[in-house]
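Residues in the sequence shown are numbered consecutively from 244, following my numbering.
What follows is a set of notes on a single structure, which appears directly below.
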Amino acid sequence: MQPIKNKSFFARIFPTPKFLTTPAVGIDISDNSVHFIEFKDKHGDRVLNRYGSYVIPNGVISKGEIQNVEALTDILKKLKDKYNIDFVHASLPEEKAYLFKTQIPESVSDKDIRNIIEFKLEEHVPISPSVAVFDYEILPKHEDKQKHLDVAVAVYPKQTITKYTDAFKNAGLTLLSLEIEAQAIARAVITKGDKGTYMVVDFGKTKTGLSIVSNDVLSFTSTLEVEEGALTNAIMTNLSVSSEEADHIKNEEGLIKTKDNKKLFTELMKVAESFKDDINKHYRYWATRTNEMGDRVDPISKIIICGGNSNLAGFPEFLSGSLKIPVERANVWVNAFSFDDFIPEIDRFNSFSYTTAIGLALRDAV
């Protein structure tokens with residue numbers, strides 16, 4: 244049996260129609276915003292076509308769970324009508340996902356794989372198979388003599404999936420695939436074909452998504468709640484400036500200590516230290532893990548950061564110095580195009596907020 248390469252979890256639930264040739268839009272939905280990206284072909288090269296975002300009012304989505312389907316539907320309708328969007332790839336919140344790896348006999352037929360995995364669900368996830376939706380990916384073999392298949396499985400509560408599909412359907416959008424947010428992020432920031440082991444950290448407004456990708460497979464995810472706007476609020480409070488001015492200071496000065504910003508530096512460092520401690524906990528956890536064969540997993544070789552708060556000046560250097568591992572801000576366009584060929588309208592600071600949407604829009608290409 245051949246490994247399934249670059250297959251999105253849950254893509255088989257919504258297979259792409261064979262007649263579809265127009266690039267689909269990637270739509271990233273978080274608790275407080277919707278971001279979308281669309282690419283197009285220009286003289287044989289991929290370029291950015293359209294992009295945009297909408298604010299989601301408080302209470303519509305909470306911790307990844309849709310609380311008001313009608314309100315989200317209205318937002319998606321506005322997006323569809325304004326930009327004449329039809330076909331979309333969308334993200335699912337990683338905080339609602341359960342991931343695990345398992346082994347099944349190599350002799351098992353394709354049609355029986357799902358039955359075997361369903362039987363294994365209860366020993367791996369805390370929800371009943373009767374209220375779960377799952378998909379799987381068959382992983383490459385470790386060695387030629389291997390007599391079993393390694394399978395990565397992603398599971399979501401059926402109720403979560405239903406709310407997302409209903410919102411898109413009611414908005415008149417054709418949903419081609421649903422995908423774990425962390426999987427889309429990895430597609431955007433890890434160079435195609437790279438088989439290394441990386442920790443990817445998405446520093447968002449209300450949460451930090453942390454994932455580990457090894458050998459092109461999403462192997463671990465964790466979601467850390469953060470105080471909304473913690474960095475920006477610290478700057479606003481200390482300097483009595485607007486939110487916009489605070490964001491500028493965060494991006495330009497941040498953790499760069501000067502004789503004039505000692506108090507602010509101390510406050511920002513408290514938030515940065517908290518981020519660092521959470522990252523270090525998961526970094527150390529991964530270092531102690533073993534795979535299904537009992538061997539130590541490949542060590543993390545680099546941490547890639549993205550998301551709006553990754554713009555904090557001096558943050559990669561602070562993390563790298565503390566954790567003793569290379570840390571870099573993501574190039575979210577690395578698999579979309581070369582800057583030698585195309586310069587996108589979105590500046591680097593704002594591009595981090597579109598990371599997930601970029602990965603979704605690349606789903607059929609990478």
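Quick reminder that beta carbons are idealized off the backbone N, C-alpha and C, glycines included.
Original post:
So is H286 buried or exposed if we call it buried at 16+ other beta carbons inside 10 Å?
Top reply: Mapped onto the sequence shown, residue 286 falls at position 43. That one is exposed.
Original post:
Shorter than 8 angstroms from the beta carbon of T316 to some beta carbon of chain C?
Top reply: The chain labelled as chain C is not found in the depicted structure, where only one protein chain is given.
Subject >> Status (buried if at least 16 other CB within 10 Å, exposed otherwise) for D590 >> reply: As a first step, residue 590 is located in the sequence shown; it is residue number 347 there, counting from the start. With fewer than 16 Cβ atoms within 10 Å of its Cβ, D590 is classed as exposed.
Original post:
Taking the C-alpha atoms as reference points, what is the distance between Q389 and G537?
Top reply: As a first step, residue 389 is located in the sequence shown; it is residue number 146 there, counting from the start. As a first step, residue 537 is located in the sequence shown; it is residue number 294 there, counting from the start. Roughly 14 angstroms separates the two Cα atoms.
Subject >> Those runs of the beta strand (DSSP E) which lie wholly inside the segment 278–355 and span at least 3 residues >> reply: 288–298, 330–335 and 341–348
Original post:
In its own chain, which residues sit with a C-beta less than 6 angstroms from the C-beta of A314, not counting the 5 before and 5 after it?
Top reply: For the purposes of this step, residue 314 is identified with residue 71 of the sequence shown, where counting begins at 1. For A314, where only same-chain residues beyond five positions count, the Cβ hits under 6 angstroms are V303.
**OP:** Have a look at N504 and K401 and give me their C-alpha separation to the nearest angstrom.
**Re:** Start at 1 with the first residue of the sequence shown, and residue 504 comes out as number 261. Start at 1 with the first residue of the sequence shown, and residue 401 comes out as number 158. Near 50 angstroms, if we compare the C-alpha coordinates of K401 and N504.
Subject >> Span of the beta strand (DSSP E), counted from its first residue to its last, around Y379 >> reply: Residue mapping note: residue 379 aligns to position 136 of the sequence shown, counting from 1. Its beta strand (DSSP E) spans residues A375 to I381.
Original post:
Under 8 angstroms between the Cβ atoms of I568 and K545?
Top reply: The residue labelled residue 568 in the question sits at position 325 within the sequence shown. The residue labelled residue 545 in the question sits at position 302 within the sequence shown. It is a contact, given that the beta carbons lie within the stated cut-off.
Subject >> Residue interval of the alpha helix (DSSP H) (run including E470) >> reply: Counting from 1 along the sequence shown, the entry for residue 470 is found at position 227. Premise fails: E470 is in no alpha helix (DSSP H) and is neither H nor E.
Original post:
What three-state label does DSSP hand F463 in the structure shown?
Top reply: Working through the sequence shown from its first residue, we reach residue 463 at position 220. Three-state DSSP puts F463 in a strand.
Subject >> Assigned exposure category for F582 - 16 Cβ within 10 Å defines buried >> reply: Counting from 1 along the sequence shown, the entry for residue 582 is found at position 339. Counting Cβ neighbours within 10 Å, F582 comes out exposed, since fewer than 16 surround it.
Original post:
What first and last residue would you give for the beta strand (DSSP E) that runs through S457?
Top reply: The residue labelled residue 457 in the question sits at position 214 within the sequence shown. It spans K450 to S457 - the beta strand (DSSP E) in which S457 sits, taken as one unbroken run.
Original post:
So, helix, strand or coil for E510, using DSSP?
Top reply: For this step, residue 510 is matched to residue 267 along the sequence shown. Helix.
Subject >> Coil, strand or helix - F411 by DSSP >> reply: Your numbering for residue 411 matches position 168 in the sequence shown. Helix at F411.
Original post:
Going by DSSP, which residues form a beta bridge with P400?
Top reply: As a position in the sequence shown, residue 400 is number 157, starting the count at 1. Paired residue(s): A375.
Original post:
Can you name the start and end residues of the beta strand (DSSP E) that L555 belongs to?
Top reply: For the purposes of this step, residue 555 is taken as the residue at position 312 of the sequence shown. From DSSP, L555 is part of no beta strand (DSSP E); its letter is neither H nor E.
Original post:
What is the DSSP secondary structure of D393, counted as helix, strand or coil?
Top reply: Along the sequence shown, read from residue 1 onward, the residue named residue 393 stands at position 150. Of the three classes helix, strand and coil, the one that applies to D393 here is strand, per DSSP.
**OP:** Could you pull the start and end residues of the beta strand (DSSP E) that F446 belongs to?
**Re:** As a working mapping, residue 446 is identified with position 203 in the sequence shown. Where F446 is concerned, the enclosing beta strand (DSSP E) stretches over T440 to F446.
**OP:** May I ask which residues mark the beginning and end of the beta strand (DSSP E) holding G269?
**Re:** Start at 1 with the first residue of the sequence shown, and residue 269 comes out as number 26. Here the beta strand (DSSP E) through G269 covers V268 to I272.
Subject >> Delimiting residues of the alpha helix (DSSP H) encompassing S594 >> reply: Taking the first residue of the sequence shown as position 1, residue 594 is located at position 351. Per DSSP, S594 belongs to the alpha helix (DSSP H) from R591 to S594.
**OP:** Kindly list the residues whose CB is nearer than 7 angstroms to the CB of G472, restricted to its own chain and excluding five residues on each side of it in sequence; keep chain order.
**Re:** Start at 1 with the first residue of the sequence shown, and residue 472 comes out as number 229. Cβ within range, chain order: K448.
Subject >> Integer-rounded CB distance, given that E468 should sit under 8 angstroms from S334 >> reply: For the purposes of this step, residue 334 is identified with residue 91 of the sequence shown, where counting begins at 1. For the purposes of this step, residue 468 is identified with residue 225 of the sequence shown, where counting begins at 1. S334 to E468, Cβ: 18 angstroms. No contact.
Subject >> Local Cβ density within 10 Å of E422, reported as buried at 16 or more and exposed below that >> reply: Translated into the one-based positions of the sequence shown, residue 422 becomes position 179. It is buried - the Cβ of E422 has at least 16 other Cβ atoms within 10 Å.
Original post:
Considering only residues of the same chain and omitting the five flanking positions on each side of D437, which have a CB-CB separation below 8 angstroms?
Top reply: The count along the sequence shown starts at 1 and reaches residue 437 at position 194. So the list reads D459, once near-sequence residues are dropped.
Original post:
Helix, strand or coil for T598 per DSSP?
Top reply: The sequence position of residue 598 within the sequence shown is 355, counting from 1. Helix at T598.
**OP:** Determine, using beta-carbon pairs with one atom in the segment 349–356 and one in the segment 408–419, whether at least three such pairs fall under 8 angstroms.
**Re:** no
Subject >> Whole-number beta carbon distance between L482 and L507, since they are thought to touch under 8 angstroms >> reply: In the sequence shown, counting from the first residue as 1, residue 507 sits at position 264. In the sequence shown, counting from the first residue as 1, residue 482 sits at position 239. At roughly 7 angstroms, the Cβ-Cβ gap stays under 8 angstroms, so L507 and L482 are in contact.
Original post:
To which residues does DSSP link K545 through a beta bridge?
Top reply: For the purposes of this step, residue 545 is taken as residue 302 along the sequence shown, with counting starting at 1. K545 pairs with Y441.
Original post:
By Cβ distance below 7 angstroms, which residues in the same chain neighbour T316 in space, the five residues on each side in sequence not counted?
Top reply: The residue given as residue 316 occupies position 73 in the sequence shown. Cβ neighbours of T316 beyond the five flanking positions: A410, N413 and A414.
Subject >> Member of N311, V444, W576 and T531 whose CA lies at the smallest distance from the CA of T405 >> reply: Sequence index remark: in the sequence shown, residue 405 carries index 162 (1-based). Considering only alpha carbons, the answer is N311.
Original post:
Do the segment 322–338 and the segment 263–279 make contact, defined as three or more Cβ pairs closer than 8 angstroms?
Top reply: yes
**OP:** Using three-state DSSP, classify I586 as helix, strand or coil.
**Re:** Counting from 1 along the sequence shown, the entry for residue 586 is found at position 343. I586: coil per DSSP, three-state reduction.
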